[in-house]
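Only one structure is covered here, and it is reproduced in the block below.
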Amino acid sequence: MDWLPAAFALLAALAVAITLLGARRQRRWRSQSSALIAKLNAEPGPAGVTHFDPAELIHLPAPVQRYLRIALTAGQPLVRGVRLTQSGFLNLSPAGDRWQPFTAEQQVATRGPGFLWNARVGLFSGLSVRVQDSYLAGAGLLHAALLGVLDMAHQQGGGELARGELMRFLAEAPWYPTALLPSQGVSWAAVDARQADATLADGAVSVTLRFKFGDAGLVDTVRAEARGRKMGRMIEMAPWEGRWKEWTTRDGMRVPLAGEVAWLLLSGRQTYWRGRLGKLRYRFSA
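Residue numbering for the sequence shown follows my numbering, beginning at 347 and increasing consecutively.
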């Protein structure tokens, strides 16, 4: 049994090494988040339009006019940034149901545009996955790490990843509805009495989503006919849809507090995000 002291010493040293490595990786995670937030909040230059003028709605499709007149009030200062919290459930199975709880903090900059979503997804026995999802300066980022230490996924760059993240920014714009105004870069095209297509371009990245409006005139669903879905090492294109509900008034604007997001697959609807907002704090133009 002479080997026992040496074995325990080795295990103790290994535990210390793992702890130190974990602490170092977590510091790096926090540092990366801080750098992304600083870049996100850097103002791109003097603002142009600073307040909502209903006159800019005149040439928009009828359902869009109706929605923006409900969601905004004349003279409403434009949203420049948002800080919000979320909680809900994520489906971690690409084909079935494996729902896990999550909490998240998100920051959005409308003049960029860009966002950073920092989430913690619970697994089991106290384990969790840290997730960063962002669109910034024309590039997308998806980074997931067990306990913020062991990388499980790390994608960054342009192409379909960037397009998918800009789609998310546009689909979530009902949380910051002044970003849907023509003066903020969104072009609208009529479809019918209940639907209109919104197009947003950020440099070389351009996306179009179809907004469907409900009986009350508010956004019911937002849909992309093709969004990149990561399957292993491959990206498959599939229809994608978000649904909004539980509308309320915050800082003079009508916004949804809850929703869900799904892939519309040949095998059926695959919902993967169900959540609701907690705190919602805006930064407005002067």
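Glycine residues also receive a C-beta, built at the ideal position from the N, C-alpha and C atoms.
If you're wondering where the values come from, they're calculated on a predicted model, not measured in any experiment.
Query raised in the report: Got a sec, what are the start and stop residues for the alpha helix (DSSP H) I404 sits in?
Result: I404 -> no alpha helix (DSSP H), and no H or E assigned at all.
Query raised in the report: At which residues does the beta strand (DSSP E) containing G468 begin and terminate?
Result: G460 to G468
Query raised in the report: Should L482 and L386 be called a contact, given that it needs their Cβ atoms to be closer than 8 Å?
Result: yes
Report task. Give me whichever residues DSSP pairs with T456 in a beta bridge. Result -> Paired residues: none, contrary to the question.
Requested in this report: Spatial neighbours of A490 within its chain, please: CB distance less than 6 Å, with the 5 preceding and 5 following residues excluded, ordered by chain position.
Outcome: V475, V477, M498 and A499
Query raised in the report: Span of the alpha helix (DSSP H) holding F515?
Result: G505 to A517
Requested in this report: May I have the straight-line CA-CA distance separating Q541 from V568, to the nearest angstrom?
Outcome: 10 Å
Query raised in the report: Below 8 Å, can you find three or more Cβ-Cβ pairs linking the stretch 503-511 to the stretch 523-531?
Result: no
Query - Where the beta strand (DSSP E) containing V568 begins and where it ends - result: For V568, the uninterrupted beta strand (DSSP E) run begins and ends at V565 to M577, by DSSP.
Query raised in the report: Should G421 be labelled buried (16 or more other beta-carbon atoms within 10 Å of its own) or exposed?
Result: exposed
Report task. Please determine, among L424, A604, R579 and A384, the residue with the shortest C-alpha to C-alpha distance to P400. Result -> Out of L424, A604, R579 and A384, L424 has the C-alpha closest to the C-alpha of P400.
Query raised in the report: Grouping DSSP H, G and I as helix and E and B as strand, with all else coil, what is A490?
Result: In this structure, A490 counts as strand in the three-state DSSP scheme.
Query - Distance, P447 Cα to R615 Cα - result: Whole-angstrom Cα-Cα distance: 20 Å.
**Report entry** Spatial neighbours of T396 in its chain, beta-carbon cut-off 7 Å, leaving aside the 5 residues before and after
**Finding:** P423, L424, S631 and A632
Query raised in the report: What number of angstroms, rounded off, separates the C-alpha of V537 from the C-alpha of D543?
Result: 7 Å
Report task. Classify D443 as buried or exposed, calling it buried when 16 or more other Cβ atoms lie within 10 Å of its own Cβ. Result -> exposed
Query raised in the report: Can L604 and E592 be called in contact, C-beta distance under 8 Å?
Result: A small fix is needed here, since residue 604 is Ala in this sequence, not Leu. Yes.
Report task. Identify, in the order they occur along the chain, each residue of the same chain with its Cβ nearer than 8 Å to the Cβ of G503, setting aside the five sequence neighbours on each side. Result -> Taken in chain order, the residues that qualify are A485 and G486.
Query raised in the report: Tell me the DSSP bridge mates of W609?
Result: According to DSSP, residue pairing for W609 in a beta bridge involves W586 and Q616.
**Report entry** Identified DSSP bridge partners for L555
**Finding:** Note: L555 sits in a beta bridge opposite A544.
Query - Cβ neighbour criterion (16 or more within 10 Å) applied to E571 - result: exposed
Report task. Return the residue from the list P459, G494 and Q453 that minimises the CA-CA distance to V467. Result -> V467 has its Cα closest to that of G494, out of P459, G494 and Q453.
Query raised in the report: Alpha carbon to alpha carbon, what distance is there between R412 and T595?
Result: Note on geometry: alpha-carbon atoms of T595 and R412 lie some 16 Å from one another.
Query raised in the report: Which term fits T456, buried or exposed, when burial requires 16 or more other beta carbons within 10 angstroms of its beta carbon?
Result: buried
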